[in-house]
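Numbering (the numbering used here), first residue to last: 1414 to 2041.
Ideal Cβ positions, reconstructed from N, Cα and C, are used throughout, including at glycine.
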RNA sequence: GGGCCCAUAGCUCAGCAUGGAUAGAGUGCCGGACUUCUAAUCCGAUGGUCAAGGGAUCGAAGCCCUUUGGGCCCGCCA
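What follows is the structure, encoded as structure tokens:
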């Protein structure tokens, strides 16, 4: 695996040397070197310092001396650095050939973390009563990116979207339609999900605040929803399906696709809850309270100083968290599947088949969307509840890491952006609120980005027709939005600012995509077709070797990202690739240098870069235009 | 009262899991580079008590403890 080859070679040789010195059990590192310190570094001498009672520098010299006598394939020489580090220099002619040849394969960057096992990843899971806002988008992009990375890391991935179609939020818009006279068709062609969220939901909840007696209507509607046969439930089903359709359009537009939609209403009606409830009782994971403040309830005991959590109320109904337990168990395949499956009404733009659960017994199709492992993407405000689920699932399975809650910090609005939607915060950032109508919708951000990128593209390409320009602008807008959502760590709050998010320079998706356009143009203009049948020794400039090195690090980064469920690792990798190519571009000419052999060698590298960038951007769900 | 997370350059963030070399980017400000494979670019300059204090270590931005500041969570709501 490319750069890993030289690392492995060094590791093996160092182990041989340690064996020779009768030293064992030392966990030294062998890593790509920082710039200016050769190509690969090891800290082995620091770790031996105490045992050998010598300075790291002296030990590095001894090992380096021994290393020079071993057979070397990709290593040219080793060197003991002043600091005590042991640095290695690669034989770049051989290493370049190895890296670049591999990069021409479709499988480049494939790693084996998952051993072809099946993993479920659930993300999105937004109540079907409103349009997606910028906070939801973080969830969706994290989930989609992680699922792409896990596929690359040899997992079979099942992507699920849980549709909470029977909760209070849905009840609220149904109340709006049935009791407060909201029209079924949105005014002036507004998208239906936006209409429900902006108008029906917000204004209905306002009415409750003004007149608390209306709560009665709300409670009744909620009760009717749970009973699938009621007229209200059937009406609600039509409404939520329509909202869902709008939400999915937004997701698909961003290049996000799913395998199956699970409806909460069906989970409730399927009777899964009573099965898991019995199991919980059998395994003594829940207890019945005879007295105290939770008298008459079934509870999960809090760990340590935490409070007990009520699972079943004294009136016999299940609480919010209780509804999550059967679903979590279902995802892990712990329960017999009560569902049949049917294709979703519309085809996904990438033609991946989208299924949905159904309790309909006609033409039963069974499917398996469960996994040996489950990753659930939910923001970290739900840490506490998710910890309870994780710990319960750990007791059902032998290994404890089988259910993972992938948490992330929320998206807030900058003070300036809050002001634009009528919220004055005194310079502080603001939490979004669907109920209060305080949010920035995903569609509106996309539209703004597209407008701006169309303008920027037109400036540069007056010769292009509008459909070409739109295609480019779409790619750049989606890239920009997606990249902004995953380039920082999951535990950092994103303060979303409308103006700043429109930036197309610096560490952004357009920067990375631009490097692809530059590479494409070189390949297009050359009279030769790129091939790996070239003289690699001609690639000796610093910027060339640096670029090859980074290309070679693709697999290591995929592995890192997959092991840590960390999308930002790939974002940084794409950025590093682009920086490195831009430096190459500025320093080295490919075309018109009057040296056919050199041009072909460089062309080969440019194509290697282009293909590797596309593969790594693909993990982020970002495409790159040929021109921009 | 209990729990989780964050704090690194004016601003936004890498680096922390697995301690070791000169703590890196972007952005901003200042100064340069388009008769050239596209300047959505590049080069340079400026900018740091790694929140504070203590501890263990030959060695700490990173590990342990304490404190401060900020965010979030803690219902028989969902």
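- Residue ranges of each beta strand (DSSP E) within the region 1890 to 1967, 3 or longer: 1907 to 1909, all fully within the region 1890 to 1967.
- Integer Cβ distance of residue 2025 from residue 1964, believed to fall under 8 Å: Mapped onto the first chain, residue 2025 falls at position 612. Mapped onto the first chain, residue 1964 falls at position 551. Right, the Cβ-Cβ distance comes to about 5 Å (below 8 Å), so this counts as a contact.
- Message: Contact between the region 1891 to 1905 and the region 1654 to 1671 is defined here as three or more beta-carbon pairs at a separation below 8 Å; is this criterion met?
- Response: With a cut-off of 8 Å, the region 1654 to 1671 and the region 1891 to 1905 count as touching, because enough Cβ pairs lie within range.
- Query: How would you call residue 1769, buried or exposed, if buried means at least 16 neighbouring beta carbons within 10 angstroms?
  - Reply: In the first chain, the residue the question calls residue 1769 occupies position 356. Under this definition residue 1769 is a buried residue.
- In the DSSP assignment, find the beta strand (DSSP E) that holds residue 1445 and state where it starts and stops. Stepping through the first chain from its first residue, residue 1445 is reached at position 32. Segment 1443 to 1445, the beta strand (DSSP E) holding residue 1445.
- Item | For residue 1828, the three-state DSSP class (helix, strand or coil) | Translated into positions along the first chain, residue 1828 becomes position 415. It is helical.
- Item | Pair within 9 Å by beta-carbon distance, residue 1655 and residue 1581 | Counted from its first residue, the first chain places residue 1655 at position 242. Counted from its first residue, the first chain places residue 1581 at position 168. No; because the gap between Cβ atoms is not below 9 Å, this pair is not in contact.
- Enumerate in chain order the residues of its own chain whose CB-to-CB distance from residue 1931 is below 6 Å, with the five nearest sequence positions on each side excluded. Counted from its first residue, the first chain places residue 1931 at position 518. Answer for residue 1931: 1998, listed in chain order.
- Message: Pop quiz: residue 1899 and residue 1980 are said to be a contact at Cβ under 8 Å. What is the actual Cβ separation, rounded to whole angstroms?
- Response: As a first step, residue 1899 is located in the first chain; it is residue number 486 there, counting from the start. As a first step, residue 1980 is located in the first chain; it is residue number 567 there, counting from the start. Rounded, the Cβ-Cβ distance is 4 Å, consistent with contact.
- Task: Could you tell me if residue 1806 is buried or exposed, where buried requires 16 or more neighbouring beta carbons within 10 angstroms of its beta carbon?
- Result: Within the first chain, the letter at position 393 stands for residue 1806. Label assigned to residue 1806: buried.
- Taking residue 1816 and residue 1862 to be in contact with their CB atoms under 8 Å, please state how far apart those CB atoms are, rounded to whole angstroms. Numbered from its first residue, the first chain carries residue 1816 at position 403. Numbered from its first residue, the first chain carries residue 1862 at position 449. Contact flag wrong, Cβ pair sits at about 36 Å.
- Inter-residue CB distance, residue 1926 and residue 2041 (contact presumed, cutoff 8 Å): Taking the first chain and counting its residues from 1, one reaches residue 1926 at position 513. Taking the first chain and counting its residues from 1, one reaches residue 2041 at position 628. With a Cβ gap of about 6 Å, residue 1926 and residue 2041 count as contacting.
- Burial state of residue 1511, where buried means 16 or more other Cβ atoms lie within 10 Å: As a working note, residue 1511 is residue 98 in the first chain. It counts as buried.
- Message: For residue 1787, list the residues DSSP reports as bridge partners.
- Response: As a first step, residue 1787 must be located in the first chain, where it is residue number 374. According to DSSP, residue 1787 bridges with 1533, 1816.
- Message: Can you look up residue 1756 in the DSSP assignment and give me helix, strand or coil?
- Response: Here residue 1756 corresponds to residue number 343 of the first chain, with the count starting at 1. Residue 1756 falls in the strand class under three-state DSSP.
- Task: Take the Cβ of residue 1653 as the centre, count every other Cβ of all protein chains shown within 10 Å, and call the residue buried at 16 or more, exposed below.
- Result: Taking the first chain and counting its residues from 1, the one referred to as residue 1653 is at position 240. The residue in question, residue 1653, is buried, as its Cβ has 16 or more Cβ neighbours within 10 Å.
- Task: With a floor of 3 residues, list each beta strand (DSSP E) that falls wholly inside the region 1560 to 1617, ordered by position along the chain.
- Result: 1568 to 1576
- Query: Exposed or buried, what is residue 1561 when buried is set at 16 or more other beta-carbons lying within 10 Å of its beta-carbon?
  - Reply: Looking up residue 1561 in the first chain gives position 148. Result: buried.
- Could you give the DSSP three-state label for residue 1673: helix, strand or coil? For the purposes of this step, residue 1673 is taken as the residue at position 260 of the first chain. Strand at residue 1673.
- Task: Mark residue 1570 as exposed unless 16 or more other C-beta atoms lie within 10 angstroms of its C-beta, in which case mark it buried.
- Result: Start at 1 with the first residue of the first chain, and residue 1570 comes out as number 157. It counts as buried.
- Task: Output yes or no for whether 9 Å exceeds the beta carbon distance between residue 1649 and residue 1606.
- Result: Translated into positions along the first chain, residue 1649 becomes position 236. Translated into positions along the first chain, residue 1606 becomes position 193. Going by C-beta atoms, residue 1649 is not nearer than 9 Å to residue 1606.
- Message: On the criterion of 16 or more Cβ atoms from any shown chain inside 10 Å, does residue 1962 qualify as buried, or is it exposed?
- Response: In the first chain, the residue the question calls residue 1962 occupies position 549. Buried, by the Cβ-count rule.
- Item | Ranges of the beta strand (DSSP E) found wholly within the region 1427 to 1486, counting only runs of at least 3 | Whole beta strand (DSSP E) segments, 3+ residues: 1443 to 1445, 1453 to 1455.
- Roughly how many angstroms separate the alpha carbons of residue 1444 and residue 1810, rounded to a whole number? In the first chain, counting from the first residue as 1, residue 1444 sits at position 31. In the first chain, counting from the first residue as 1, residue 1810 sits at position 397. Distance between the alpha carbons of residue 1444 and residue 1810 is about 36 Å.
- Buried or exposed: where does residue 1491 fall if 16 or more other Cβ atoms within 10 Å of its Cβ makes it buried? On the first chain, residue 1491 is found 78 positions in, with the first residue counted as 1. Around the beta carbon of residue 1491, a 10 Å sphere encloses 16 or more other beta carbons of the protein chains shown; the residue is thus reported as buried.
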